[in-house]
Structures are given as C-alpha cells and as structure tokens.
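Asker:
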Amino acid sequence: MEKRSYGGFKFDVTDGIATVRFTRPKQLNALTFEVYEELGRMAFEIREDDSVRALVITGEGKGFCSGGDVHDIMGRLLDANSRELIAFQRMAGRATKGLLNLRKPTIAAVNGIAAGAGAVLATACDFRIAAASARFAFLFPRVGLPSTDLGACWLLPRVVGLGRAAELLLLGDTIDAQQAERIGLVNGVVPDERLEEEALELATRLAGLAPLSTAMTKELMYKGLGMGFDEAIDWEGWLMSLAFHTDDGIEGQKAAGERRTPLYKGQ
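Take the sequence shown: its position 51, counted from the start at 1, is 59 in my numbering, and no numbers get skipped.
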C-alpha cells in the first residue's frame, strides 16, 4: 500500500486502486476550504499517474459527505465580498472538474448522507454505489440559494434526466438509496456492511481494463455530450484507430484469440 499526504482526507493506493476517505466523521465529513483545495490537487496529480487505474471515494463513520462545513465555509462566506465568493466557487469547482476530467474510472461509495456539495461530488463520479442507509439531498433551496453548486445543474440532468433533476434541484428534498436507484442516480444499493467490498470489486474490474482505452472512452463519453452526432462519430473512429495500435490494443486482441486473460500495461 502506498500512502500520500493530503489535508482533510486519507489517500492510499493498493493494486492500482486509489482510495479517498473523508476523515471528519463527527461532522458527517463536512467539507472545509482545505478539503476542496486538496481534492482538486489530488485529481490533477493522479490524472497521468500510471500507478492509479481507478479511484474510490468514501467517508468514515455514518456520512459520505454532508456538504460545506457550517462554520469553516458558510460562516466565512457570509462576510465575504463578491470577488472572494467567486474565487471560492472557482477553487471549490476544481474538485468536481478534477473528478470529471480524471482519465481514470471513479466510484463513489456512498455511506450515509450525501448532501449539498457531497451529493455533487458523488454525481461527478462515473459510478455510485449506495449503502442501504444512504440518503441524497441537493439542499440549497432550503436555505434560499440556487442549486448552482459545483456543476450540479450540468451534472444531474445528464445522470437522471431533466424531470428528475428538476425535482431534486428545485425542491431540495432528501431521497433514500432505494429511490436514488429507481431514478438512476446510483448504480446499485447494497447492505451497509458490504459497501466497501462491492466498491472494491467494481474498482478491481475497472483497474483490470486497458487504461488508455478506458481513458479514451471516459473522455469522449463526457465530451460527446456537447458534440453533434457526426462530430462524435468522427472522434470515435479516430480514437478507435489509435487504440488498435497500442500495445494494450494488440495484447487484448491476441488474448481474445488465444482465450486467455490479457495483461494490460497502459501502453
């Protein structure tokens, strides 16, 4: 296991799987200025790190992440001027930008509450697995603020559709894990005690795939949302032609013909 130092959360890499674990369980892993900044830095640093093939994010204790800390963030922002507020939003937004642009598959293992920015961070991951006790809330409407938080209005309609996103973003209601699964916000719901095991199994599967091909798929999957169909087809063809001649592309095709498990090296 390789451990790295980031402020506000634990980070380690084992067998190609990086794990971020929020470490403020008494505050339901509420985010601080430091955590926002460090999440953005972490995502940038592992983007081209060949030792990391998949990322899992979870929280200690009974909460995944309850959003911004009332004292460390909300209290300070009430006294901030417009320039300082914009600077904070840009800094905090680098966390979700980093996750979305990460060239590795990401999994949110949601234990307990994911509220506000915590719900947005989970939505910015490629996969969301929820414990049976998990709950989700995009709660800014409850405090007189818009749900324009860290990309929520861009992300959520693309995950659950515009109608469901409108319910969550305009009403601010809390939904449980089972409802989140019904509307497509999570990929699956598992017993609380099996959450990390299930997330690790999925991460292990993803880490065993060809890294360059996975990166290509993820990048075009998201960038394709802003493309026309003809442009997307051209990009897909170009990326496929590149992948065919990578070492991993050749290895995958040989392994299929020889009926064996391929050994991908990320080249």
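From the three backbone atoms N, C-alpha and C, an ideal C-beta is built for every residue, glycine too.
1. If you check the beta carbons only, do Gly245 and Ala251 fall under 8 angstroms apart?
2. Straight-line CA distance for Leu179 to Ala223?
3. From Arg200 to Ala140, what distance separates their C-alpha atoms?
4. Do you know offhand how far Ile241's Cα is from Gly48's?
5. Who are the near neighbours of Gly15 in its chain, counting only those whose CB is closer than 6 angstroms to its CB and skipping five residues on each side?
6. For Ile191, does the three-state DSSP call read helix, strand or coil?
7. For Ala211, write down the residues that DSSP places opposite it in a beta bridge.
8. Look at the Cβ atom of Cys73, then the Cβ atom of Gly106, and state whether they are nearer than 8 angstroms.
9. Hey, would you say Lys70 sits closer than 8 angstroms to Pro113, going by beta carbons?
10. Across which residues does DSSP place Val167 in a beta bridge pair?
11. Name the one or two DSSP bridge partners that Ile121 has.
12. Taking Arg4 as part of the beta strand (DSSP E), name the residues at either end of that continuous run.
13. Helix, strand or coil: which one does DSSP assign to Leu110?
14. Taking the continuous beta strand (DSSP E) assigned at Phe148, which residues delimit it?
15. If you run the structure through DSSP and keep just helix, strand and coil, what is Arg172?
16. Between the segment 144-156 and the segment 166-179, do three or more beta carbon pairs fall short of 8 angstroms?
17. Find out if the Cβ-Cβ distance for the pair Ala215, Ile65 is shorter than 8 angstroms.
Answerer: Taking the geometry as given:
1. Taking the first residue of the sequence shown as 1, we reach residue 245 at position 237. Taking the first residue of the sequence shown as 1, we reach residue 251 at position 243. Judged by their CB atoms, Gly245 and Ala251 are not nearer to each other than the 8 angstroms cut-off.
2. In the sequence shown, residue 179 corresponds to position 171, counting from 1. In the sequence shown, residue 223 corresponds to position 215, counting from 1. For Leu179 and Ala223, the distance between alpha carbons rounds to 35 angstroms.
3. The residue given as residue 200 occupies position 192 in the sequence shown. The residue given as residue 140 occupies position 132 in the sequence shown. Residue identity check: residue 200 is Asp in the sequence provided, not Arg. Cα to Cα, Asp200 sits roughly 6 angstroms from Ala140.
4. To locate residue 241, count along the sequence shown from 1; it is residue 233. To locate residue 48, count along the sequence shown from 1; it is residue 40. About 31 angstroms.
5. Residue 15 sits at position 7 when you count from the first residue of the sequence shown. Contacts found: Glu42 and Glu46.
6. Here residue 191 refers to the residue found at position 183 of the sequence shown. Coil at Ile191, not helix or strand.
7. Here residue 211 is taken as the residue at index 203 of the sequence shown, counted from 1. Answer is none; Ala211 lacks a bridge partner.
8. The residue given as residue 73 occupies position 65 in the sequence shown. The residue given as residue 106 occupies position 98 in the sequence shown. For Cys73 and Gly106, no; Cβs fall outside 8 angstroms.
9. Taking the first residue of the sequence shown as 1, we reach residue 70 at position 62. Taking the first residue of the sequence shown as 1, we reach residue 113 at position 105. The answer is no: Cβ separation not under 8 angstroms.
10. Within the sequence shown, the letter at position 159 stands for residue 167. Paired residues: none, contrary to the question.
11. In the sequence shown, counting from the first residue as 1, residue 121 sits at position 113. DSSP lists Gly71 and Arg143 as partners of Ile121.
12. Nothing about residue 4 can be reported from this structure: the residues present for the chain run from 9 to 275 only.
13. In the sequence shown, the residue the question calls residue 110 occupies position 102. Three-state DSSP puts Leu110 in coil, outside helix and strand.
14. Here residue 148 is taken as the residue at index 140 of the sequence shown, counted from 1. From DSSP, Phe148 is part of no beta strand (DSSP E); its letter is neither H nor E.
15. What you label residue 172 is simply residue 164 of the sequence shown in a count that begins at 1. Arg172 sits in a helix when the DSSP states are folded into three classes.
16. Pairwise C-beta distances place the segment 144-156 in contact with the segment 166-179, as three or more of them are shorter than 8 angstroms.
17. As a first step, residue 215 must be located in the sequence shown, where it is residue number 207. As a first step, residue 65 must be located in the sequence shown, where it is residue number 57. No, the pair does not count as a contact, with Cβ atoms beyond the cut-off.
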